[in-house]
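Report on the following structure.
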Amino acid sequence: MLDKLEAIAQRFREVGELLLEPSLMSDMKKYSKLNKEYKELEKIHHEYEHYKQVLNNMDSAKRVLETEKDVDFREMAKAELEELFPMKESCEEKLKKLLIPKDPNDSKNVILEIRAGTGGDEAALFAGDLFRMYERFAEKKAWKLEMLDFTEGSSGGYKEIICSISGDDVYGMLKYESGVHRVQRVPTTETQGRVHTSAASVVVLPEMEDVDIELNMNDIRKDTFCSSGPGGQSVNTTYSAIRLTHVPTGIVVQCQDEKSQIKNFEKALKVLRSRLYEVELQKHNEQVGAQRKQMVGSGDRSDKIRTYNFPQSRVTDHRINLTVYNLPTVMDGEIGDFIENLRLAENAEKLKEGVAV
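Quick note on my numbering: the sequence shown kicks off at 94 and runs consecutively.
Written out as structure tokens, the structure is:
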């Protein structure tokens with residue numbers, strides 16, 4: 094571990110020097126990439142410097158015990174060592190976690206897609222509830238949420254809703270939400286008071302840029318059509334809505350949220366890039382094998398990941414067997430505890446596999 098930390102410290106110094114070069118300001122992409130790397134390395138470097146200081150203090154205290162004959166000095170050194178041992182262990186634990194390879198997409202913005210599953214109108218209502226839950230969570234994190242496309246349910250909610258969320262560490266937090274969310278409650282249409290089970294699927298995709306996914310525009314068929322829903326006369330009477338079809342894969346995306354055809358086209362391209370990335374990622378995971386799929390953060394859209402039981406006010410995450418009895422609070426966007434526990438579980442799994450060291 095120490096060799097790896099030394100190499101990181103060396104790279105941290107190199108990147109710091111590169112950022113000071115005046116010529117770098119003419120290449121903003123390179124500057125942005127280096128600046129991001131510097132910030133990531135800075136956390137490890139800071140903890141490593143603290144760790145080295147603790148080790149130096151321990152060596153000094155041990156030398157006092159080996160050479161000093163004065164009883165008071167020896168007692169002081171012994172007391173210092175007793176304080177330093179737990180500090181050393183704490184530093185090592187932090188460094189192990191910091192050395193776990195990060196998903197390079199963690200800092201990216203996301204495309205969030207929610208679709209009603211089994212359960213008819215009740216599933217569409219639940220999809221709407223899930224969207225509001227993520228909307229509230231985004232507000233609490235000071236993230237920006239933009240609607241891209243939606244199809245409303247006949248009794249409310251959404252058959253499908255797609256939005257983009259931008260901010261700090263968005264994908265790193267929301268990636269654990271991909272999968273099937275199940276609800277157990279009495280629908281408003283149920284006259285006998287029976288509890289029904291419905292479901293909605295959530296897909297969280299990292300938002301890809303031009304440099305991440307090569308997109309041949311000759312492979313894309315572009316169609317325009319009139320937007321539907323709220324937005325004023327200009328939205329409903331002009332061909333501002335965009336539908337893009339990626340011919341090689343058959344992937345179709347559309348966007349009708351903006352009055353401008355150009356803006357809808359740009360947003361639709363973002364969704365298409367992210368969908369194409371997901372296809373490539375699935376191919377990669379299949380090549381790697383089943384081990385990756387078993388990890389907490391695999392984000393398999395077919396996995397049942399969480400159940401929301403309204404009669405018992407219970408929410409259970411099946412991946413980590415975590416149950417809480419504060420459903421109204423969770424539905425109001427308080428999902429941070431689930432995300433933190435999922436992160437810890439994935440890190441523990443990686444450490445167990447020896448990934449970090």
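Glycine included, every Cβ here is placed at the ideal spot set by N, Cα and C. Owing to the predicted nature of the structure, the values given are computational and were not obtained by experimental measurement.
Self-check item: Ser-153 burial status per 10 Å Cβ neighbour count (16 or more: buried)
Solution: Looking at its Cβ environment, which holds fewer than 16 other Cβ atoms inside 10 Å, Ser-153 is exposed.
Quiz prompt | Closest Cα partner of Gly-249 within the set Phe-219, Trp-236, Leu-267 and Met-424 | solution = Phe-219
Quiz item: If we ignore side chains and look at the alpha-carbon of each, how far apart do Pro-202 and Leu-111 end up?
Solution: The sequence given here places Asn at residue 202; Pro does not occur at that position. Going by the C-alpha atoms only, they are around 27 Å apart.
Quiz item: Would you report the Cα separation of Asn-329 and Asp-350, rounded to the nearest angstrom?
Solution: Here Asn-329 scores only 48 on pLDDT, less than 50, and its place in the model is too uncertain to base an answer on.
Practice problem: Can you have a look at Gly-265 and say buried or exposed, based on whether 16 or more other CB atoms are within 10 angstroms of its CB? | Solution: Gly-265 counts as buried, since at least 16 other C-beta atoms from the protein chains shown sit within 10 angstroms of its C-beta.
Quiz item: For Arg-314, which of helix, strand or coil comes out of DSSP?
Solution: strand
Exercise. With Ser-291 as the anchor, note down where its beta strand (DSSP E) starts and where it stops.
Key: Segment 289-299, the beta strand (DSSP E) holding Ser-291.
Exercise. Sort Leu-267, Tyr-144 and Lys-162 by Cα distance to Ser-183 and report the nearest one.
Key: Ranked by Cα distance from Ser-183, the options Leu-267, Tyr-144 and Lys-162 are led by Tyr-144.
Practice problem: Could you please give me the residues that DSSP links to Met-240 through a beta bridge? | Solution: According to DSSP, Met-240 bridges with Cys-256.
Quiz item: So is Gly-272 buried or exposed if we call it buried at 16+ other beta carbons inside 10 Å?
Solution: In the assembly as shown, Gly-272 is a buried residue. Its beta-carbon has 16 or more other beta-carbons within 10 Å.
Quiz item: Between the C-alpha atoms of Pro-299 and Ser-291, what's the straight-line distance to the nearest angstrom?
Solution: 27 Å
Quiz item: Residues in its own chain within less than 8 Å of Glu-161 by CB, not counting five upstream and five downstream?
Solution: Arg-167 and Ala-170
Quiz item: Got a sec, what are the start and stop residues for the alpha helix (DSSP H) Ala-220 sits in?
Solution: Here the alpha helix (DSSP H) through Ala-220 covers 214-233.
Exercise. Look at the alpha carbon of Glu-283 and the alpha carbon of His-289, and state the distance between them as a whole number of angstroms.
Key: 9 Å
Practice problem: Flag Met-310 as yes if its beta-carbon sits less than 8 Å from any beta-carbon of chain B, otherwise no. | Solution: The displayed structure is made up of one protein chain only, and chain B is not part of it.
Exercise. Please report how far the alpha carbon of Asn-419 lies from the alpha carbon of Glu-228, in whole angstroms.
Key: 18 Å
Quiz item: Considering only residues of the segment 138-222, which uninterrupted alpha helix (DSSP H) runs meet the minimum length of 4 residues and lie entirely inside it, listed in chain order?
Solution: 164-191
Quiz item: Out of curiosity, what's the CA-to-CA distance linking Asp-96 and Lys-252?
Solution: 53 Å
Quiz item: Is it right to say Tyr-332 is buried, meaning 16 or more other beta carbons lie within 10 angstroms of its own, or is it exposed?
Solution: exposed
Self-check item: Residue nearest to Ala-441 in terms of C-alpha spacing, selected from Gln-405, Pro-194 and Lys-233
Solution: Pro-194
Quiz item: Measuring CB to CB, does Leu-148 end up less than 8 Å from Val-108?
Solution: no
Practice problem: Indicate whether Ser-294 and Arg-407 have their beta-carbon atoms separated by less than 8 Å. | Solution: no
Exercise. Would you decide whether Gln-326 is buried or exposed? Buried here means 16 or more other CB atoms lie within 10 Å of its CB.
Key: Residue placement at Gln-326 is flagged as unreliable, the pLDDT there being 40, under the threshold of 50; the coordinate-derived value follows with that caveat. The residue is exposed, with fewer than 16 neighbouring Cβ atoms inside 10 Å.
Quiz item: Hey, Leu-337 and Lys-315 are a contact pair by Cβ (cut 8 Å); roughly how many whole angstroms apart?
Solution: Indeed, because the Cβ distance is near 6 Å, the residues count as touching under 8 Å.
Quiz item: To the nearest angstrom, how far is it from the Cα of Thr-422 to the Cα of Cys-348?
Solution: 32 Å
Exercise. Go to Gly-272, then tell me how far its alpha helix (DSSP H) extends in each direction, as first and last residue.
Key: It is not in any alpha helix (DSSP H) - Gly-272 instead sits in the beta strand (DSSP E) that spans 272-278.
Practice problem: Would you check if the distance between the CB atom of Ala-102 and the CB atom of His-138 is smaller than 8 Å? | Solution: Less than 8 Å separates the beta-carbon of Ala-102 from that of His-138.
Self-check item: Opening and closing residue of the alpha helix (DSSP H) in which Val-263 lies
Solution: Per DSSP, Val-263 belongs to the alpha helix (DSSP H) from 263-267.
Quiz item: Applying the criterion that 16 or more other CB atoms from any shown protein chain within 10 Å of the CB defines a buried residue, is Leu-241 buried or exposed?
Solution: buried
Self-check item: Nearest-angstrom Cβ-Cβ length linking Val-364 and Ile-204, presumed shorter than 8 Å
Solution: 5 Å
Exercise. Alpha carbon to alpha carbon, how far is Leu-374 from Ala-383? Give it in angstroms, no decimals.
Key: Residue placement at Ala-383 is poorly supported in this model, since its pLDDT is 45, which falls under 50; the coordinates still yield a value, given next. Near 14 Å, if we compare the C-alpha coordinates of Leu-374 and Ala-383.
Exercise. Can you give me the Cβ contacts of Lys-237 inside the same chain, cut-off strictly under 8 Å, excluding the 5 residues immediately before and after it?
Key: Ala-231, Ile-258, Ser-259 and Gly-260
Self-check item: Inter-residue Cα distance where the pair is Met-388 and Arg-436
Solution: Note that Met-388 scores a pLDDT of 40, beneath 50, so its modelled location is shaky and nothing firm can be said.
Quiz item: Bridge partners of Gly-249, per DSSP?
Solution: Ser-247
Exercise. Please work out which residues of its chain come closer than 8 Å, Cβ to Cβ, to Lys-129, disregarding the five sequence neighbours upstream and downstream, and give them in chain order.
Key: Ser-200
Self-check item: Inter-residue spacing [alpha-carbon to alpha-carbon] between Arg-366 and Arg-278
Solution: Roughly 37 Å between the two C-alpha positions.
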